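Structure follows, in structure tokens:
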């Protein structure tokens with residue numbers, strides 16, 4: 090392996106600590122050649138480490154140039170400088186700077202990962218280097234499981250991973266005993282003398298002078314003396330780099346992020362807790378809205394035919410409620426003549442008037458307010474009819490009423506298993522009036538009292554809605570209207586010949602000035618209304634997600650401060666700013682996605698548990714899109730919250746990050 094020639098021309102580096110100006114390097118001119126081990130000696134604070142940092146491209150000088158063969162290192166862009174560091178320089182640090190919790194094999198393979206090499210090739214190269222340094226049985230050991238000498242050998246293997254021509258060692262023996270330190274220096278000398286590399290070692294130990302080809306003494310930022318030097322000569326003309334800037338694959342960075350999160354499982358799970366709560370809240374609340382919507386639609390579809398058109402005397406417009414909003418106007422009364430006109434429209438199978446009565450039902454000491462409506466005539470096909478649990482539907486020959494299960498149990502004090510006991514029983518009702526598009530219309534005189542026989546019990550909803558046969562409804566309507574007044578129905582049901590005919594018939598009725606409601610329009614209105622409800626419920630979960638995002642941002646910002654050394658190692662080994670940004674952003678996204686997955690499971694589980702405890706199967710309906718949305722929201726929150734700390738991490742310079750305590 091051939092080394093490179095480094096020319097330093099008038100290099101200066103100045104730091105500012107508050108108001109104080111520190112001249113770490115002052116007009117340093119120096120030439121370093123291949124095949125030589127150059128030892129840089131000097132007191133602490135004299136500029137040794139700063140010189141090493143500018144030599145390796147970890148820091149930029151404020152003045153002067155550094156020419157590496159024909160490359161002006163000081164003129165390289167940040168990404169090209171990172172690539173130059175990665176492929177040209179092998180760093181060996183005093184404090185080793187191995188990634189904690191990472192195996193020796195992966196530590197050595199890190200420079201290769203940053204250069205975009207595949208996993209198999211990385212592991213093969215790292216294994217050979219470690220085996221060559223006598224660490225073949227320590228490949229899977231993490232730094233905490235290795236001795237000081239073994240850690241330093243891992244650091245040397247990492248420095249040699251890219252087979253670099255320039256080796257820079259900063260106090261490589263400072264944390265080792267005498268024997269281990271001398272062994273390390275002999276290995277470094279061999280890299281220069283046997284392999285022709287350019288090796289520069291910073292040390293305060295003068296005993297190593299005998300192993301060095303050149304000794305450079307530096308004090309207060311000046312080169313105080315050189316020994317063993319033959320003179321450098323002028324620097325060559327520089328040639329701009331034209332090679333494409335390479336870097337690690339996104340998949341490699343994602344894998345590194347996963348390993349980093351795995352090393353901090355407790356903190357990662359705690360950080361994702363906010364997302365978990367937010368997503369679980371969203372899933373639970375929105376699935377509750379979806380479940381209620383499904384129940385409303387099931388009840389509606391069970392009691393309504395898709396070919397039925399409900400006609401009212403007033404034009405209506407859809408609103409946010411489950412019932413239409415009435416427009417002002419006199420409207421058209423729906424009487425026998427209007428019903429006959431409806432019946433004669435093209436593609437209409439049948440039409441009949443519908444009356445709804447508000448009444449007070451009483452049996453003994455039990456009473457309730459009920460809404461009663463009439464059934465479709467028995468000769469009308471295609472009309473919806475309630476499902477009977479006990480008894481049968483009333484007819485003209487056997488007039489009477491069908492009660493909902495809940496009302497029958499309440500009035501007659503029977504259990505659900507003894508519903509047949511109410512069949513044939515008589516109950517008294519006081520008719521308060523009719524319910525129509527203009528509201529409740531009271532009777533012409535005093536509220537009539539009627540006796541009615543219970544013919545059946547339905548399994549309908551808990552609403553107190555009962556059904557009577559058409560003839561009985563006509564009698565009640567006449568009594569409420571008065572014998573000398575024209576009977577008008579509250580609405581009419583028009584049965585289309587097929588679902589394809591519904592739209593044309595509805596348009597014709599609207600043109601005549603009637604209000605029209607179809608099953609499809611109600612279903613659409615239910616979807617719209619519950620869509621608003623579900624959105625409002627989702628906002629509640631969104632608030633928790635916002636708080637979760639803030640939590641992720643704070644924790645990730647703290648992680649940047651705690652992991653400055655780790656960031657410094659990545660940057661020193663050749664990671665670009667974009668690589669660090671992706672690394673931290675992916676961690677934040679993965680935390681959010683993990684929170685989303687756990688939140689989905691938690692929300693779904695709580696929904697199932699709640700439905701079981703309330704004895705209402707299907708109360709919570711979790712659509713697949715909601716689960717996908719939960720994961721997406723979690724990842725999105727992580728991305729937004731993690732972008733700021735990821736930027737902070739990417740902005741750190743290698744030398745500043747490595748100095749962090």
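In my numbering, the protein residues as written are 90 to 750. Idealized CB from N, CA, C, for every residue including glycine. Remember, it's a predicted structure, so these values are computed and weren't measured experimentally.
**Message:** Using the Cβ count rule (16 or more neighbours within 10 Å means buried), how would you classify residue 345?
**Reply:** Taking the chain shown and counting its residues from 1, one reaches residue 345 at position 256. By the neighbour-count rule (16 or more Cβ atoms within 10 Å), residue 345 is buried.
**Request:** Helix, strand or coil for residue 640, going by three-state DSSP, please let me know.
**Result:** In the chain shown, residue 640 corresponds to position 551, counting from 1. Here residue 640 sits in helix by DSSP.
**Asked** When the distance is taken between beta carbons, is residue 290 closer than 8 Å to residue 689?
**Response** The residue given as residue 689 occupies position 600 in the chain shown. The residue given as residue 290 occupies position 201 in the chain shown. Not closer than 8 Å, so no.
**Prompt:** If you draw a straight line from the alpha carbon of residue 752 to that of residue 117, how long is it in whole angstroms?
**Reply:** Since the first residue shown for the chain is 90 and the last is 750, residue 752 is missing from the structure and cannot be characterised.
**Item:** Segment contact, 8 Å Cβ cut-off, at least three pairs: the segment 504-512 with the segment 473-490
**Value:** yes
**Delimiting residues of the beta strand (DSSP E) encompassing residue 538** = Position 449 of the chain shown, counting from 1, holds the residue named residue 538. 538-547 is the span of the beta strand (DSSP E), which, as asked, contains residue 538.
**Prompt:** Mind checking whether residue 250 and residue 228 have CB atoms under 8 Å apart?
**Reply:** On the chain shown, residue 250 is found 161 positions in, with the first residue counted as 1. On the chain shown, residue 228 is found 139 positions in, with the first residue counted as 1. Contact: no.
**Prompt:** If you check the beta carbons only, do residue 685 and residue 364 fall under 8 Å apart?
**Reply:** As a working mapping, residue 685 is identified with position 596 in the chain shown. As a working mapping, residue 364 is identified with position 275 in the chain shown. Yes; because the gap between Cβ atoms is below 8 Å, this pair is in contact.
**Asked** Since residue 606 is in the beta strand (DSSP E), which residue starts that stretch and which ends it?
**Response** Locating residue 606 in the chain shown gives position 517, counting from the first residue. Note, residue 606: beta strand (DSSP E), 604-607.
**Request:** Identify every residue that forms a DSSP beta bridge with residue 479.
**Result:** Working through the chain shown from its first residue, we reach residue 479 at position 390. Answer is 546.
**Asked** When you compare only the Cα positions, how much space is there between residue 648 and residue 187?
**Response** By 1-based counting over the chain shown, the position of residue 648 is 559. By 1-based counting over the chain shown, the position of residue 187 is 98. Each residue's Cα considered, the two are about 18 Å apart.
**Asked** Around the C-beta of residue 567, are 16 or more other C-beta atoms found within 10 angstroms, so that it is buried, or is it exposed?
**Response** The residue given as residue 567 occupies position 478 in the chain shown. Looking at its Cβ environment, which holds fewer than 16 other Cβ atoms inside 10 Å, residue 567 is exposed.
**Asked** Comparing alpha-carbon positions, which option in 311, 301, 212 and 205 lies nearest residue 317?
**Response** Position 228 of the chain shown, counted from the first residue, corresponds to residue 317. Checked all of 311, 301, 212 and 205; the closest Cα to residue 317 is 301.
**Request:** If I'm right that residue 560 touches residue 485 with Cβ under 8 Å, what's the distance once you round it to whole angstroms?
**Result:** Within the chain shown, the letter at position 471 stands for residue 560. Within the chain shown, the letter at position 396 stands for residue 485. Confirmed, Cβ separation roughly 5 Å.
**Message:** Please list the terminal residues of the continuous beta strand (DSSP E) segment that includes residue 259.
**Reply:** Locating residue 259 in the chain shown gives position 170, counting from the first residue. Per DSSP, residue 259 belongs to the beta strand (DSSP E) from 255-259.
**Prompt:** Straight-line CA distance for residue 223 to residue 279?
**Reply:** Taking the chain shown and counting its residues from 1, the one referred to as residue 223 is at position 134. Taking the chain shown and counting its residues from 1, the one referred to as residue 279 is at position 190. Rounded to the nearest angstrom, the two C-alpha atoms are 16 Å apart.
**Prompt:** With burial defined as no fewer than 16 other Cβ atoms inside 10 Å of the residue's Cβ, what is the status of residue 668: buried or exposed?
**Reply:** Your numbering for residue 668 matches position 579 in the chain shown. By the 10 Å Cβ count, residue 668 comes out buried.
**Request:** For residue 315, write down the residues that DSSP places opposite it in a beta bridge.
**Result:** By 1-based counting over the chain shown, the position of residue 315 is 226. Residue 315 is bridged to 305.
**Asked** Taking the alpha-carbon positions, what's the residue 590 to residue 698 distance?
**Response** The count along the chain shown starts at 1 and reaches residue 590 at position 501. The count along the chain shown starts at 1 and reaches residue 698 at position 609. So the two alpha carbons sit approximately 44 Å from each other.
**Asked** Do the segment 669-680 and the segment 334-350 touch if we need at least three Cβ pairs shorter than 8 Å?
**Response** yes
**Item:** Rounded straight-line distance, which links the Cα of residue 659 to that of residue 354
**Value:** For this step, residue 354 is matched to residue 265 along the chain shown. For this step, residue 659 is matched to residue 570 along the chain shown. Roughly 21 Å separates the two Cα atoms.
**Prompt:** Hey, out of 721, 735 and 641, whose CA is closest to residue 666's CA?
**Reply:** Stepping through the chain shown from its first residue, residue 666 is reached at position 577. Residue 735 is the option with its Cα nearest to residue 666.
**Prompt:** Is it true that the CB of residue 203 sits closer than 8 Å to the CB of residue 169?
**Reply:** Position 80 of the chain shown holds residue 169. Position 114 of the chain shown holds residue 203. Result no, Cβ atoms of residue 169 and residue 203 do not sit closer than 8 Å.
**Best match in 535, 578, 504 and 586 for proximity to residue 546 [C-alpha to C-alpha]** = Here residue 546 refers to the residue found at position 457 of the chain shown. Checking every option, the nearest Cα to that of residue 546 belongs to 504.
**Message:** Does the segment 515-522 come into contact with the segment 432-448, if we say contact requires no fewer than three beta-carbon pairs (one atom in each stretch) closer than 8 Å?
**Reply:** yes
**Message:** Closest to residue 437 by C-alpha separation, out of 707, 450 and 396, would be which residue?
**Reply:** As a first step, residue 437 is located in the chain shown; it is residue number 348 there, counting from the start. When only C-alpha atoms are compared, the closest one is 396.
**Message:** When you compare the CB positions of residue 533 and residue 571, do they come within less than 8 Å of one another, or not?
**Reply:** Translated into the one-based positions of the chain shown, residue 533 becomes position 444. Translated into the one-based positions of the chain shown, residue 571 becomes position 482. For residue 533 and residue 571, yes; Cβs fall inside 8 Å.
**Request:** Check whether the Cβ atoms of residue 310 and residue 269 sit closer than 8 Å, and answer yes or no.
**Result:** Counted from its first residue, the chain shown places residue 310 at position 221. Counted from its first residue, the chain shown places residue 269 at position 180. Contact flag unset, no.
**Asked** Which residue or residues does DSSP assign as beta-bridge partners of residue 96?
**Response** For this step, residue 96 is matched to residue 7 along the chain shown. According to DSSP, which records beta bridges pairwise, residue 96 is partnered with 120 and 156.
**Asked** Are three or more beta carbon pairs between the segment 122-141 and the segment 93-110 nearer than 8 Å?
**Response** yes
**Prompt:** Apart from the five residues just before and just after residue 709, which ones in its own chain have a Cβ nearer than 6 Å to its Cβ?
**Reply:** Here the question's residue 709 lines up with position 620 in the chain shown. Closer than 6 Å at the Cβ level, and outside the excluded window around residue 709, lie 376, 377, 380, 696 and 700.
**Asked** Nearest to residue 351 by alpha carbon, out of 538, 722, 739 and 680?
**Response** Counting from 1 along the chain shown, the entry for residue 351 is found at position 262. The candidate whose alpha carbon is nearest that of residue 351 is 680.
**Message:** For residue 167, tell me which candidate among 181, 149 and 179 has the shortest Cα-Cα distance.
**Reply:** Reading the chain shown from its first residue, position 78 is the one you call residue 167. It is 149.
**Request:** State the beta-bridge partners of residue 400 as determined by DSSP.
**Result:** The sequence position of residue 400 within the chain shown is 311, counting from 1. Answer by DSSP bridge pairing, in chain order: 581 and 605.
**Message:** Quick check: residue 259 and residue 138, are their CB atoms within less than 8 Å of each other?
**Reply:** Here the question's residue 259 lines up with position 170 in the chain shown. Here the question's residue 138 lines up with position 49 in the chain shown. Yes; because the gap between Cβ atoms is below 8 Å, this pair is in contact.
**Request:** Have a look at residue 469 and residue 724 and give me their C-alpha separation to the nearest angstrom.
**Result:** Here residue 469 is taken as the residue at index 380 of the chain shown, counted from 1. Here residue 724 is taken as the residue at index 635 of the chain shown, counted from 1. When rounded, the distance between both Cα atoms is 56 Å.
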